[in-house]
Amino acid sequence: MAITVQTMTDEQRKSVALEYLKAFDNAGTTSTGGSILDLFADDAQVMFPKWGLATGKEQIGRLFTDVGSTLVSIQHHYSEFTWVFSGSDLVVVEGTSHGEHKDGPWRAGVPDWGAGRWCDVFEIRDFLIQRCFIYLDPDYAGQDTERYPWLTRT
19 MAITVQTMTD
29 EQRKSVALEY
39 LKAFDNAGTT
49 STGGSILDLF
59 ADDAQVMFPK
69 WGLATGKEQI
79 GRLFTDVGST
89 LVSIQHHYSE
99 FTWVFSGSDL
109 VVVEGTSHGE
119 HKDGPWRAGV
129 PDWGAGRWCD
139 VFEIRDFLIQ
149 RCFIYLDPDY
159 AGQDTERYPW
169 LTRT
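Have a look at this one:
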């Protein structure tokens with residue numbers, strides 16, 4: 019059996035990344051009713067701050083279950099995304115979100131230093147996510163003021 023490598027356009031890679039973000043907003047269900055894990059290669063990697071690196075669908079599922087269990091809801095602001103394409107398999111998307119964490123609500127820009135601004139770096143090949151590194155502040159509700167005292171200053 020030969021290894022299949024399908025050439026993808028930037029728009030096709032963007033559509034895979036968008037499907038992932040929309041599935042995350044939809045409690046892990048894709049637009050076709052499948053699992054968000056269906057969007058990943060078997061040996062994919064996902065990195066989430068304060069969780070670490072998950073390798074393979076089983077660990078990625080555990081990561082998403084752990085993070086998802088802390089969220090009541092999340093909504094990414096699709097119209098505000100900034101996309102960067104590398105000319106290879108890499109896609110970078112920067113954006114904002116709002117939602118509710120178990121510790122309270124958040125909205126990007128409210129307050130300006132708070133959660134809701136994020137950046138994801140994807141490697142997408144053969145219509146599957148090979149790697150997704152997520153860069154954000156996981157303190158969605160802004161409760162980590164003891165370690166960052168300047169957050170309590172008005």
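Throughout the sequence shown, residue numbering follows my numbering, covering 19 to 172 in sequence. Where is the CB? At the ideal position from N, CA and C, for every residue including glycine. Since we're looking at a predicted model, the values are computed, not measured.
(message) Only counting the same chain, and skipping five residues up and downstream in sequence, which positions put a Cβ closer than 6 Å to that of Ala-59?
(response) Working through the sequence shown from its first residue, we reach residue 59 at position 41. In the same chain as Ala-59, and ignoring 5 residues on each side of it, the C-beta atoms closer than 6 Å to its own belong to Leu-146 and Gln-148, in chain order.
(request) May I ask you to report which of helix, strand or coil DSSP gives Ala-72? (result) Residue numbering aside, residue 72 sits at position 54 when the sequence shown is read from its first letter. Ala-72: strand per DSSP, three-state reduction.
(message) Can you tell me whether Gly-132 sits near the ligand HEM, meaning its C-beta is under 7 Å from at least one heavy atom of the ligand?
(response) As for the ligand HEM, it is missing from this structure, which has no ligand bound.
(message) Can you tell me whether Trp-168 is helix, strand or coil according to DSSP?
(response) Taking the sequence shown and counting its residues from 1, one reaches residue 168 at position 150. Shown here, Trp-168 sits in a helix according to DSSP, grouped into three states.
(message) Can you list, in chain order, the residues of its chain with a C-beta nearer than 8 Å to that of Trp-136? Leave out the 5 residues immediately preceding and following it.
(response) What you label residue 136 is simply residue 118 of the sequence shown in a count that begins at 1. Cβ within range, chain order: Glu-112, Gly-113, Thr-114, Ser-115, Ile-152, Tyr-153 and Leu-154.
(request) Report yes if the C-beta distance between Asp-121 and Gln-161 is below 8 Å; otherwise report no. (result) Here residue 121 refers to the residue found at position 103 of the sequence shown. Here residue 161 refers to the residue found at position 143 of the sequence shown. For Asp-121 and Gln-161, yes; Cβs fall inside 8 Å.
(request) Would you check if the distance between the CB atom of Lys-32 and the CB atom of Trp-101 is smaller than 8 Å? (result) Here the question's residue 32 lines up with position 14 in the sequence shown. Here the question's residue 101 lines up with position 83 in the sequence shown. Yes.
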